[in-house]
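Everything below concerns the one structure shown next.
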Amino acid sequence: MEQLTRREVLKGLGAASLGAAAWLTLRGAMDASPNPQRKRVLRIAHLTDIHVAPEGVSVRGLIDCLKTVHEMPDRPNLILNGGDFVSDVFAQNEQRARVLFDLWTRLIKEHCQIPIRHCIGNHDVWGWDKSRSGCTGDEPKYGKKWAMEALGLEKPYYSFEQAGWKFIVLDGTFSHGNGYKARLDDEQFEWLKAELGRTPATMPVLVLSHMPIVSACALFDGENEKSGDWVVPGAWVHIDARRIVELFYQHKNVKLCLSGHIHLFDRVEYNGVAYICDGAVSGGWWRGNYHQTPPGWGLVDLYDDGSFEHEYRSFPYPAPTGG
Ligand SMILES: [Zn+2]
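Here it is in structure tokens:
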């Protein structure tokens, strides 16, 4: 009798009960070694947490980062902007918000030739901190409207198909007093459910969110263990992650979730889905590294068999000026 491989043993066990069979599927996803026949269908640069402002080195930094991406010999076909592209308009008045959105629009127009798709971050939402922004809420561009206008978006969340993959872009900034929580409202969650439902099971799915849905690095942002327990605020990682994870578990074609927000780089595999928090172009808010993560961006190659490769790349970073 031939010696059984571990996978064959698992297969045999899988036949024994439905639960074990589900476990087998899970192992299969995580054990997958690159298929030599697979073809790369898309190369993506994921730039998140750019936090551009007229002061300091962020303008130079964004231009340098875009230059690095554009000058790659095998340059990406698509840029994903992961959100927090302006330093902040959440707590800023109209005049400041105009300066930041105009600056972003000009920089992208002048320095980005690669097609770009956008996700809205919390810092891109205008005026929700009413006590600091002075907004009443009745302003025509209040909230996400200004960012949507600047980015040319009809809705703050949407989907598109490219190169045989489905892309789902989420809007996780949920109003909470003068602040926010990271979660989808019920309408968006129902939309996500329907969107996955109408995507063929054979089509791999990439989800782009600003805040991570599942994250390890969020533990290290701040002094979260100070109380003797790990405490991660609901504004850092999706507080509705449980139902999102359960939904993804029903759709095995969800392969990759990209996020930012924490400014740290990690990669977590959970239920066969890879969750990558892709650091930050601004690093430690344009003052160098943030903890051990240097300023950088994610290079993602997507393949026709639903697999992907990812690496986090730093770029020549302008010296902080203290601005
Ligand atoms: Zn953020």
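Numbers in my numbering are just positions in the sequence shown, counted from 1, shifted up by 2. All residues carry an ideal CB built from backbone N, CA and C; glycine is no exception. Bear in mind that the values here come from a model prediction, so they are computed numbers and not experimental data.
Among the residues of its own chain, which have a CB less than 7 Å from the CB of residue 243, if the five just before and after it don't count?
Here residue 243 is taken as the residue at index 241 of the sequence shown, counted from 1. Within the same chain, residue 243 has close Cβ partners 215, 216.
State the DSSP-derived secondary structure class of residue 26, mapped to helix, strand or coil.
Position 24 of the sequence shown, counted from the first residue, corresponds to residue 26. Summary for residue 26: the model assigns pLDDT 47, below 50, so the residue's position carries little reliability, and this model does not support an answer.
Contact between the segment 231-248 and the segment 291-305: three or more CB pairs below 8 Å?
Not touching, per the Cβ criterion.
Please confirm if the segment 80-87 is in contact with the segment 49-62, defined as three or more CB-CB distances below 8 Å between the two stretches.
Flag = yes, the segment 80-87 and the segment 49-62 touch.
Hey, which unbroken runs of the alpha helix (DSSP H) at 4 residues or more fall wholly within the segment 139-173?
Fully enclosed alpha helix (DSSP H) runs of 4 or longer: 147-153.
For residue 229, count neighbouring C-beta atoms within 10 Å of its own C-beta (all shown protein chains included) and say buried if the count is 16 or more, exposed if not.
If you number the sequence shown from 1, residue 229 lands on position 227. So residue 229 counts as exposed.
What does the Cβ neighbour count give for residue 15, buried or exposed, with the cut at 16 atoms within 10 Å?
Indexing the sequence shown from 1 puts residue 15 at position 13. With a pLDDT of only 42 at residue 15, under the threshold of 50, the placement of this residue in the model should not be trusted, and no figure is reported.
Who are the near neighbours of residue 264 in its chain, counting only those whose CB is closer than 6 Å to its CB and skipping five residues on each side?
One-based indexing of the sequence shown puts residue 264 at position 262. For residue 264, where only same-chain residues beyond five positions count, the Cβ hits under 6 Å are 219, 220, 223, 279.
Report buried or exposed for residue 154, applying the criterion of at least 16 other Cβ atoms within 10 angstroms of its Cβ.
On the sequence shown, residue 154 is found 152 positions in, with the first residue counted as 1. The residue is exposed, with fewer than 16 neighbouring Cβ atoms inside 10 Å.
DSSP three-state label for residue 267, please.
Sequence index remark: in the sequence shown, residue 267 carries index 265 (1-based). Looking at residue 267 - three-state DSSP - the assignment turns out to be strand.
Using 8 Å as the Cβ pair cut-off and three pairs as the minimum, do the segment 110-123 and the segment 144-162 touch?
Yes: the two stretches touch, three or more of their Cβ pairs being nearer than 8 Å.
Touch check for the segment 267-286 and the segment 181-199: three-plus C-beta pairs under 8 Å?
The segment 267-286 vs the segment 181-199: no contact.
Using the Cα positions of residue 232 and residue 203, report the straight-line distance between them to the nearest angstrom.
Within the sequence shown, numbered from 1, the residue matching residue 232 stands at position 230. Within the sequence shown, numbered from 1, the residue matching residue 203 stands at position 201. One C-alpha to the other measures close to 37 Å.
From residue 28 to residue 323, what distance separates their C-alpha atoms?
Taking the first residue of the sequence shown as 1, we reach residue 28 at position 26. Taking the first residue of the sequence shown as 1, we reach residue 323 at position 321. Confidence at residue 28 is low in this model, with a pLDDT of 46, below 50, so the placement of that residue is unreliable and no value is reported for it.
Could you tell me whether the Cβ atoms of residue 298 and residue 316 are closer together than 7 Å?
Residue 298 sits at position 296 when you count from the first residue of the sequence shown. Residue 316 sits at position 314 when you count from the first residue of the sequence shown. Cβ distance < 7 Å, so residue 298 and residue 316 count as in contact.
Between residue 304 and residue 198, what straight-line distance do the alpha-carbon atoms span, to the nearest angstrom?
Taking the first residue of the sequence shown as 1, we reach residue 304 at position 302. Taking the first residue of the sequence shown as 1, we reach residue 198 at position 196. In a straight line, the C-alpha of residue 304 is about 19 Å away from that of residue 198.
Check whether the Cβ atoms of residue 174 and residue 205 sit closer than 7 Å, and answer yes or no.
Counting from 1 along the sequence shown, the entry for residue 174 is found at position 172. Counting from 1 along the sequence shown, the entry for residue 205 is found at position 203. Going by C-beta atoms, residue 174 is not nearer than 7 Å to residue 205.
Closer than 6 Å to a non-hydrogen atom of ligand 1 - does that hold for the CB of residue 236?
For the purposes of this step, residue 236 is taken as residue 234 along the sequence shown, with counting starting at 1. The answer is no for residue 236.
Just to confirm, is the Cβ distance from residue 255 to residue 207 under 7 Å?
Here the question's residue 255 lines up with position 253 in the sequence shown. Here the question's residue 207 lines up with position 205 in the sequence shown. Yes, these two residues count as a Cβ contact at 7 Å.
Quick one: give me the first and last residue of the alpha helix (DSSP H) that residue 239 is part of.
On the sequence shown, residue 239 is found 237 positions in, with the first residue counted as 1. Looking at the DSSP string, residue 239 is not in any alpha helix (DSSP H), and its letter there is neither H nor E.
Using 8 Å for Cβ pairs, my map puts residue 54 next to residue 105. What's the rounded Cβ distance?
By 1-based counting over the sequence shown, the position of residue 54 is 52. By 1-based counting over the sequence shown, the position of residue 105 is 103. That pair is a contact at about 6 Å.
Using 8 Å for Cβ pairs, my map puts residue 319 next to residue 58. What's the rounded Cβ distance?
For the purposes of this step, residue 319 is taken as residue 317 along the sequence shown, with counting starting at 1. For the purposes of this step, residue 58 is taken as residue 56 along the sequence shown, with counting starting at 1. Actually they do not touch by this definition, with Cβ atoms about 12 Å apart.
Under 6 Å: does the beta carbon of residue 124 sit that close to some heavy atom of ligand 1?
As a working note, residue 124 is residue 122 in the sequence shown. Result yes, Cβ under 6 Å from ligand 1.
Taking 6 Å as the cut-off, is the CB of residue 231 close to at least one heavy atom of ligand 1?
In the sequence shown, residue 231 corresponds to position 229, counting from 1. False, no ligand heavy atom lies under 6 Å from that Cβ.
Assign residue 176 to buried or exposed, taking buried as 16 or more other Cβ atoms, counted over all protein chains shown, within 10 Å of its Cβ.
Taking the sequence shown and counting its residues from 1, the one referred to as residue 176 is at position 174. Flag for residue 176 reads buried.
Should residue 170 and residue 113 be called a contact, given that it needs their Cβ atoms to be closer than 7 Å?
Here the question's residue 170 lines up with position 168 in the sequence shown. Here the question's residue 113 lines up with position 111 in the sequence shown. Their beta carbons are not under 7 Å apart, which means residue 170 does not touch residue 113 by this criterion.
I need the straight-line Cα distance from residue 195 to residue 163, nearest angstrom please.
Start at 1 with the first residue of the sequence shown, and residue 195 comes out as number 193. Start at 1 with the first residue of the sequence shown, and residue 163 comes out as number 161. Rounded to the nearest angstrom, the two C-alpha atoms are 17 Å apart.
Between which two residues does the alpha helix (DSSP H) carrying residue 176 extend?
Locating residue 176 in the sequence shown gives position 174, where the first residue counts as 1. Careful: residue 176 lies outside any alpha helix (DSSP H), inside the beta strand (DSSP E) at 175-178.
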